[in-house]
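Numbering of the sequence shown is given in my numbering, commencing with residue 131 and proceeding in unit increments.
Ideal placement from N, C-alpha and C gives every residue a C-beta, glycine not left out.
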Amino acid sequence: MLFFLSLFLLISFPPVTFSAHCTTTTAAKTFQKCITLPTQQASIAWTFHRHNATLDLVFFGTFISPSGWVGWGINPTSPEMTGTRALIAFPDPSTGQIVLLTYLLDPTTKLQKRPLLSRPLDIHILSSSATLYGGKLATVHGGAAVQIFATLKLTPNKTKLHHVWNRGLYVQGYSPTIHPTTANDLSSITTFDVMSGTTATRHSNIGTLRTVHGIMNAIAWGIMLPIGAVLARYLRHIQSLGPTWFYVHAGVQLFAFFLGTVGFAIGIKLGDMSPGVQYGLHRKLGFAAFCLGGLQTLALLFRPKTTTKFRKYWKSYHHFVGYACVVLGVVNVFEGFEVMGEGRSIAKLVYCLGLSTLIGVCIALEVNSWVVFCRKSKEEKLRREGSGILRRGEIIDKVVDVVPLPQFHSNTLQVKFFTFGYSIHRGSPSCERKLTIKRTEASVPHRPKQSSQTALSSLA
């Protein structure tokens, strides 16, 4: 298991990488600066004319399907999709030639309440066009490169731009449909300065936090928490450990919850840093698992004593909440892989191998526990059958012991108890209150059952 943990830490969630290079030269224009964008193998080149605050630029993107679209735009207020003024290029449904239309991505776009329709924009776009790499004879296909040209009039003394880019699979009529929702597609946002060419570190910080968030929560909720539950289930039956099993279980679970709490807090921070990005199911599962984990931690403070009559109800509640927390945590780890676009990654494979190993150990321990339980049950049954007479003698001894010895008229009495006969001898002077019980050798006919007190009364 430690091997899997180490391997998981080494290879899981590779850092954000950038495409190989950018270019400032096109068939139509040559630009002064360019930067490689962090996702979708995209890049942008531009020339800023400071004297009149105009910006000439070209965005380089690629199609992911013959019927798809590629878009680029700027958000005047914040680095998010909602509020972006976009230029979207796609094949004309009638002619098949590339068209470039303007769109406003308002809040209804993200909610998909109605089709996205082209409309005029409130920013100063002096000119815009789109061409396929290869000229007029080029056709749109998966992987085809497109260039979106635009000339913008910027606000004086404002040289930083929040720009957004993305691509989708389909266009219905002239309405682009929703783009893929992988982590890279949802992170296609950055801010750059047209004067210096520097980009904000927001994306890099988010990528680092996302990686830390994923690793910490995968270890805490997906590995350590199940291990703690396994330790509690199988160590408690080892009598030689005494209460040690409880302290081991509590220590592992507290460490897992602490690690998971830090990862949960990072997830909340990531949500605040990405106002336009939402992961509904992943977020809900995370909150549910965290709440259940908090309830389990409070069990240390409100754990009733073993002599309390409510102990059995608390035990059932503790088991139910604990197993529910483990299940939610593991499910959310797999959901996190999908959110980060690591559904087919080596990191997920390593996690699956580690989890499968833990499940295999649980199955082996469960089978062993049932074998031991069945063996002990059989031995207990044989022991009860072999010592049944002794127990009946003990019952009679207890009953006869309360009868004053002088009431017996001889040293040996014959007592019929159920279907057995017993010889009861008066004890020696050194232990006159102790009686020896021995089954008589003669068989006794079957008689109706009667209480031992009635049998003794008849002998008095």
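As assigned by DSSP and simplified to three states, the class of N314: Position 184 of the sequence shown holds residue 314. Three-state DSSP puts N314 in a helix.
Cβ pair L488, L400 closer than 7 Å: Against the sequence shown, residue 488 aligns to sequence position 358. Against the sequence shown, residue 400 aligns to sequence position 270. No.
S288 - containing alpha helix (DSSP H), residue span: By 1-based counting over the sequence shown, the position of residue 288 is 158. For clarity, residue 288 is Lys in the given sequence; the question names Ser instead. Looking at the DSSP string, K288 is not in any alpha helix (DSSP H), and its letter there is neither H nor E.
I396, enclosing beta strand (DSSP E) - first and last residue: Taking the sequence shown and counting its residues from 1, the one referred to as residue 396 is at position 266. Looking at the DSSP string, I396 is not in any beta strand (DSSP E); the run it does join, the alpha helix (DSSP H), is 374 to 403.
Buried or exposed (CB count within 10 angstroms, at least 16 for buried), L262: Locating residue 262 in the sequence shown gives position 132, counting from the first residue. Around the C-beta of L262, 16 or more other C-beta atoms lie within 10 Å, and the residue is accordingly described as buried.
Close Cβ partners of T312 (< 6 Å) along its chain, the five nearest in sequence each way excluded: Residue mapping note: residue 312 aligns to position 182 of the sequence shown, counting from 1. Excluding sequence neighbours, T312 sits near G471.
Whole-Å CB distance - G201 paired with W295, under 8 Å assumed: The residue given as residue 201 occupies position 71 in the sequence shown. The residue given as residue 295 occupies position 165 in the sequence shown. Rounded, the Cβ-Cβ distance is 7 Å, consistent with contact.
Separation of W444 from N314, as counted between CA atoms: As a working note, residue 314 is residue 184 in the sequence shown. As a working note, residue 444 is residue 314 in the sequence shown. Spanning the alpha carbons of N314 and W444 requires a straight line of approximately 45 Å.
Backbone secondary structure at V229 - three-state DSSP: To locate residue 229, count along the sequence shown from 1; it is residue 99. Here V229 sits in strand by DSSP.
Where K100 sits in the DSSP three-state scheme: It is not possible to answer for residue 100, since the shown part of the chain is limited to 131 through 590.
Alpha-carbon spacing of K290 relative to Q171, whole angstroms: For the purposes of this step, residue 290 is taken as the residue at position 160 of the sequence shown. For the purposes of this step, residue 171 is taken as the residue at position 41 of the sequence shown. Approximately 22 Å, taken between the alpha carbons.
Three-state secondary structure (DSSP) of H343: As a first step, residue 343 is located in the sequence shown; it is residue number 213 there, counting from the start. H343: helix per DSSP, three-state reduction.
Sufficient close CB pairs (3 or more, under 8 Å) joining the region 368 to 376 to the region 416 to 433: no
Coarse secondary structure for R413, derived from DSSP in three states: Within the sequence shown, residue 413 is the residue found at index 283, counting from 1. Three-state DSSP puts R413 in a helix.
Which of helix, strand or coil DSSP assigns to A477: By 1-based counting over the sequence shown, the position of residue 477 is 347. Of the three classes helix, strand and coil, the one that applies to A477 here is helix, per DSSP.
K478, buried or exposed, once every other Cβ within 10 Å from all chains shown has been counted against 16: Here residue 478 refers to the residue found at position 348 when the sequence shown is read from its first residue. Result: buried.
At least three beta-carbon pairs within less than 8 Å, the region 154 to 171 to the region 245 to 258: no
Same chain, Cβ closer than 6 Å to D592, neighbours up to 5 away in sequence not counted: For residue 592 there is no data in the structure shown, the boundaries of the chain being 131 and 590.
Element boundaries [beta strand (DSSP E), containing I255]: Walking along the sequence shown from the start, residue 255 turns up at place 125. Unbroken beta strand (DSSP E) run through I255: 254 to 262.
Assigned exposure category for L415 - 16 Cβ within 10 Å defines buried: Along the sequence shown, read from residue 1 onward, the residue named residue 415 stands at position 285. With 16 or more other Cβ atoms within 10 Å, it is buried.
Opposing strand residues paired with P306 [DSSP bridges]: Taking the sequence shown and counting its residues from 1, the one referred to as residue 306 is at position 176. Paired residue(s): V301.
From A158, V480, V469, residue whose alpha carbon lies closest to that of S317: Within the sequence shown, residue 317 is the residue found at index 187, counting from 1. Here the closest residue by C-alpha is V469.
Proximity of A280 and L187 at Cβ, strictly below 7 Å: Counting from one through the sequence shown, the residue named residue 280 turns up at place 150. Counting from one through the sequence shown, the residue named residue 187 turns up at place 57. Taking 7 Å as the Cβ cut-off, A280 and L187 qualify as a contacting pair.
Cα-Cα separation, G191 to T391: To locate residue 191, count along the sequence shown from 1; it is residue 61. To locate residue 391, count along the sequence shown from 1; it is residue 261. Approximately 39 Å between the Cα atoms of the pair.
G459 versus L495 - alpha carbon distance: Residue numbering aside, residue 459 sits at position 329 when the sequence shown is read from its first letter. Residue numbering aside, residue 495 sits at position 365 when the sequence shown is read from its first letter. Cα to Cα, G459 sits roughly 22 Å from L495.
Enclosing beta strand (DSSP E) for A350 [first to last residue]: Stepping through the sequence shown from its first residue, residue 350 is reached at position 220. Counting along the chain, A350 falls outside any beta strand (DSSP E), and DSSP gives it neither H nor E.
Presumed contact (8 Å Cβ cut-off) between G273 and F193, rounded CB distance: Within the sequence shown, numbered from 1, the residue matching residue 273 stands at position 143. Within the sequence shown, numbered from 1, the residue matching residue 193 stands at position 63. Between F193 and G273 the Cβ distance is about 7 Å, and since that is below 8 Å, they are a contact.
Bridge partners - F189, DSSP secondary structure assignment: Walking along the sequence shown from the start, residue 189 turns up at place 59. DSSP output for F189 lists I174, I278 as bridge partner(s).
Reduced DSSP secondary structure (H/G/I, E/B, other) of R441: Residue numbering aside, residue 441 sits at position 311 when the sequence shown is read from its first letter. Of the three classes helix, strand and coil, the one that applies to R441 here is helix, per DSSP.
Three-state secondary structure (DSSP) of G490: Taking the sequence shown and counting its residues from 1, the one referred to as residue 490 is at position 360. Correct three-state label for G490: helix.
CB of N462 within 7 Å of CB of A419, strictly: On the sequence shown, residue 462 is found 332 positions in, with the first residue counted as 1. On the sequence shown, residue 419 is found 289 positions in, with the first residue counted as 1. It is a contact, given that the beta carbons lie within the stated cut-off.
DSSP-derived helix/strand/coil call for V200: Mapped onto the sequence shown, residue 200 falls at position 70. V200 falls in the strand class under three-state DSSP.
Euclidean distance between Cα positions of F550 and R514: Taking the sequence shown and counting its residues from 1, the one referred to as residue 550 is at position 420. Taking the sequence shown and counting its residues from 1, the one referred to as residue 514 is at position 384. For F550, the predicted structure reports a pLDDT of 42, less than 50, and the residue's modelled location is therefore unreliable. A value from the coordinates is still provided. Roughly 17 Å between the two C-alpha positions.
R363, enclosing beta strand (DSSP E) - first and last residue: Locating residue 363 in the sequence shown gives position 233, counting from the first residue. Run containing R363: none in the beta strand (DSSP E); it sits in the alpha helix (DSSP H), 355 to 365.
Rounded Cβ spacing between F178 and V324 (contact assumed at less than 8 Å): Numbered from its first residue, the sequence shown carries residue 178 at position 48. Numbered from its first residue, the sequence shown carries residue 324 at position 194. The beta-carbon separation of F178 and V324, rounded to 4 Å, stays under the 8 Å limit for a contact.
Cutoff 6 Å; reference F189; Cβ partners in own chain excluding five residues on either side: Stepping through the sequence shown from its first residue, residue 189 is reached at position 59. For F189, where only same-chain residues beyond five positions count, the Cβ hits under 6 Å are I174, W202, I278.
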